[in-house]
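Student: Got a structure for you, questions after.
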Amino acid sequence: MISGEGEVPDTQEHFQNLVQSELNITKEAGRRLGVDFTEVDSRVMKNMIEVETNKFFVLKRNKQASQAGSQ
Numbered sequence: 000m001i002s003g004e005g006e007v008p009d010t011q012e013h014f015q016n017l018v019q020s021e022l023n024i025t026k027e028a029g030r031r032l033g034v035d036f037t038e039v040d041s042r043v044m045k046n047m048i049e050v051e052t053n054k055f056f057v058l059k060r061n062k063q064a065s066q067a068g069s070q
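With numbering that gives the first Met the number 0, letter number 49 in the sequence shown gets 48, and the count goes up by one each step, no holes.
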C-alpha cells in the first residue's frame with residue numbers, strides 16, 4: 000500500500016511527501032496500463048491516498064503504542 004510503510008511521518012510535510020510519492024507510483028502504473036488521467040482524476044486519487052494513508056498511520060501508531068505499553 001504505502002511505499003514508505005516502514006516510516007511514520009513526523010511532520011505534515013513528510014506526510015505530504017509520502018502521499019505525493021504514492022500518487023506518483025499510482026499514476027505511473029496507470030500510464031503503463033494505458034490509463035489517461037485527468038486533473039480531476041489526480042485530485043480524487045490524491046484524496047483517496049490521503050484518507051487511506053491517515054488510517055494506515057493511525058493504526059500503526061496505535062499498534063506501536065500498544066506494544067510499548069505492554070513492555
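We put the CB at the ideal spot given by N, CA and C, even for glycine.
Taking 8 Å as the threshold, find out whether the region 12-22 comes into contact with the region 39-50 through three or more Cβ pairs.
Tutor: Yes, the region 12-22 is in contact with the region 39-50.
Student: Could you spell out the range, first to last residue, of the alpha helix (DSSP H) harbouring D40?
Tutor: In the sequence shown, residue 40 corresponds to position 41, counting from 1. Taken as a continuous stretch (DSSP letters only), the alpha helix (DSSP H) holding D40 covers 38-68.
Student: When the distance is taken between beta carbons, is K26 closer than 9 Å to F36?
Tutor: The sequence position of residue 36 within the sequence shown is 37, counting from 1. The sequence position of residue 26 within the sequence shown is 27, counting from 1. Yes, Cβ-Cβ distance for F36 and K26 is below 9 Å.
Student: E49 and V18: beta carbons closer than 9 Å?
Tutor: As a working mapping, residue 49 is identified with position 50 in the sequence shown. As a working mapping, residue 18 is identified with position 19 in the sequence shown. Closer than 9 Å, so yes.
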